[in-house]
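One structure is given below, encoded as structure tokens.
Residue numbers (this note's numbering): 158 to 388.
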């Protein structure tokens, strides 16, 4: 049983020293910690416990981390942060496509991981209708219900495609969205390789929404990985 009132994290990694260090740090910061050294144990723990976030290594002894993500995503929306020693962007994109919410490449700083954990838990908390319908950040006001955007109080005219791209990013704000997911949701399954579409339309959105399009504050590109909307 997990302790009531404490956020609960499932750590899935087969490196005992790393798991021990993470567990000590998290418990010192009032987290309930559950651990597993393999994929089968992770799936079992995810089914038995109410989790707030999962931290998952991709390189496990029995199952590939992608399989674990897909297994959890079959029934749960719990946030998943991937830990990866793999620097190949294709591996990370595959994890995001499978349903991961964020990734951290090994080696990593403890403070960074803890900050990402806190952010995941905050974003996973249910918001009221007004929070979900209207997103305000700096000079921008994005009304998801009415499909309207204003900047410094003035309406911004977006094409239907520009709006759809922005909407997907805003509904996933703070999370990295892979190019394949964006292309599939905005243009359709047949366009998942047309990454030039994203370059063109993200540039158009920055020109309309950012104070300095060359140094965007909201519409962030992670080269080779995806796109993210930051509030």
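We treat Cβ as the ideally placed atom computed from N, Cα and C, and that holds for glycine. Remember, it's a predicted structure, so these values are computed and weren't measured experimentally.
Query                                                                                                                                                      : Result
Can you give me the C-alpha to C-alpha distance between residue 270 and residue 196, rounded to a whole angstrom?                                          : 21 angstroms
Quick one: what's got a C-beta closer than 6 angstroms to residue 256's C-beta in the same chain, skipping five residues either side?                      : 226, 230
So what does DSSP say about residue 193, is it helix, strand or coil?                                                                                      : strand
Got a sec? Which residues, its chain only, sit under 7 angstroms from residue 324 by beta carbon, not counting five neighbours each side?                  : 301
Would you mind stating whether residue 239 and residue 166 have Cβ atoms separated by less than 8 angstroms?                                               : no
Residue 235 by DSSP, collapsed to three states: which one?                                                                                                 : coil
Round the Cβ separation of residue 384 and residue 326 to the nearest angstrom and send it over; I've been treating them as touching at under 8 angstroms. : 6 angstroms
Secondary structure at residue 254, three-state DSSP: helix, strand or coil?                                                                               : helix
In its own chain, which residues sit with a C-beta less than 8 angstroms from the C-beta of residue 286, not counting the 5 before and 5 after it?         : Confidence at residue 286 is low in this model, with a pLDDT of 38, below 50, so the placement of that residue is unreliable and no value is reported for it.
Go through the region 336-384 residue by residue and report every complete run of the alpha helix (DSSP H) that reaches 4 residues or more, in order.      : 336-343, 352-366
Can you tell me whether residue 381 is buried or exposed? The criterion is at least 16 other CB atoms within 10 Å of its CB, across all chains shown.      : exposed
So, with DSSP's three-state summary, where would you put residue 296?                                                                                      : coil
Do you know how far the Cα of residue 218 is from the Cα of residue 415?                                                                                   : A question about residue 415 goes unanswered here, because the residues of the chain that appear run from 158 up to 388.
In the structure shown, what three-state DSSP assignment does residue 283 receive?                                                                         : Legend: pLDDT at residue 283 = 49, less than 50; position of this residue unreliable, no value from coordinates given.
Among residues of its own chain, excluding the 5 on either side of residue 337, which ones have a beta-carbon nearer than 8 angstroms to its beta-carbon?  : 250, 254, 349
Secondary structure at residue 163, three-state DSSP: helix, strand or coil?                                                                               : coil
Taking only the alpha-carbon atoms, compute the straight-line gap between residue 224 and residue 194 and give it to the nearest angstrom.                 : 15 angstroms
Identify the continuous beta strand (DSSP E) that holds residue 262 and give its terminal residues.                                                        : 259-262
Let me check understanding here. Comparing Cα to Cα, which of 386, 379, 387 lies closest to residue 246?                                                   : 379
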